[in-house]
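J.: Structure incoming, see below.
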Amino acid sequence: MALSQTRRWHEYPEPELLYSCVVEAIERMAAEAISKTGKFSIVLAGGSTPRAIYQRFRLIHTDWSAWHVYFGDERCLPLGHAERNSVMADQVWLEHVAIPSAQIHRIPAQLGAEAAASQYSTELEGVEDFDLVLLGLGQDGHTASLFPGKEWGRDYTQPAVLAVHGAPKPPHDRVSLSAWRLSRAGRVWFLVTGQDKGGAVQSWRRGGNIPAASILPLNGVDIWLAGVR
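For what it's worth, the working numbering labels the leading residue of the sequence shown as 58, then goes sequentially.
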């Protein structure tokens, strides 16, 4: 991990343009990774902005058999529950493309936070740096399920995956990759849209100690913004 966060800001006048640019860039990134290493590994975020991105993934030209999909966080809800991040990704994208099922690594959050975190940590053992981590930004500056006032897992001695309790909004139990594990990536991109994110973005720009600022990949982070005041 880097000692401090290098940020590159990409601002767009409206979300549709952001979606198109991000999807085109990921299509190119995947092609380059597959050409070099034979695979492309991506960590998914939840939320409305990533949803719009995933819908557009269905239209790109790529070797889906080389994709490996992981999740940055999950809500502790029953399998198939509409509010699970994995269910959203399945419905708008993953069920429509030919990624081998063994290469889609869902967090088993139905087991409860502790058991799921332990099992997913084991699953990530031996997984090298991700090619791309996608993250969102909450109004309070949270990212994945790393919330203000909670443990973010910034140190390598901490688990790769955290059991999270007391999330501000239900369900209050979550599972999240730790800050250090999210930082182990060639690229980390934050996707941020909506006027309600303005306060968090301003705090971030000023160097505020928000969870999003705890992600410290060696290559820095890219923040894609649209409609943020």
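Heads up, the beta-carbon is just placed ideally off N, CA and C, and yes, glycines get one too. All values derive from a computational prediction rather than experimental measurement.
If residue 136 and residue 160 are in contact, beta carbons under 8 Å, what's the gap, nearest whole angstrom?
T.: No, residue 136 and residue 160 are not in contact; Cβ-Cβ is about 19 Å, not under 8 Å.
J.: Return helix, strand or coil for residue 283, following the three-state DSSP convention.
T.: Residue 283 falls in the strand class under three-state DSSP.
J.: Can you tell me where the alpha helix (DSSP H) holding residue 111 begins and where it ends?
T.: Per DSSP, residue 111 belongs to the alpha helix (DSSP H) from 105-114.
J.: Which term fits residue 151, buried or exposed, when burial requires 16 or more other beta carbons within 10 angstroms of its beta carbon?
T.: Answer is buried; the Cβ neighbour count reaches 16.
J.: For residue 222 and residue 211, what's the separation of their Cα atoms in angstroms?
T.: Taking the straight line from one Cα to the other gives about 17 Å.
J.: How many Å lie between residue 209 and residue 235 at the Cα?
T.: Going by the C-alpha atoms only, they are around 6 Å apart.
J.: At the level of alpha carbons, what is the spacing between residue 90 and residue 99?
T.: Answer to the nearest angstrom: the Cα atoms are 11 Å apart.
J.: Can you check which of these residues, 264, 251, 284, 286, is closest to residue 348 by C-alpha distance?
T.: The first residue shown for the chain is 58 and the last is 286, placing residue 348 beyond what the model contains.
J.: Do three or more CB pairs link the segment 108-125 to the segment 76-88 at distances below 8 Å?
T.: With the cut-off at 8 Å, the segment 108-125 and the segment 76-88 touch.
J.: Comparing alpha-carbon positions, which option in 94, 96, 192, 164 lies nearest residue 249?
T.: Considering only alpha carbons, the answer is 192.
J.: Looking at residue 71 and residue 251, is the spacing between their C-beta atoms short of 8 Å?
T.: Contact: no.
J.: Reducing DSSP to helix, strand and coil, say where residue 150 ends up.
T.: Residue state, collapsed to three classes: coil.
J.: Out of 101, 122, 76, 255, point me to the one whose CA is closest to residue 318's CA.
T.: Any property of residue 318 remains undetermined from this structure, which presents the chain solely from 58 to 286.
J.: Could you say which of 149, 218, 200 lies nearest to residue 170 if we only look at CA atoms?
T.: With distances taken between Cα atoms, residue 170 lies closest to 218.
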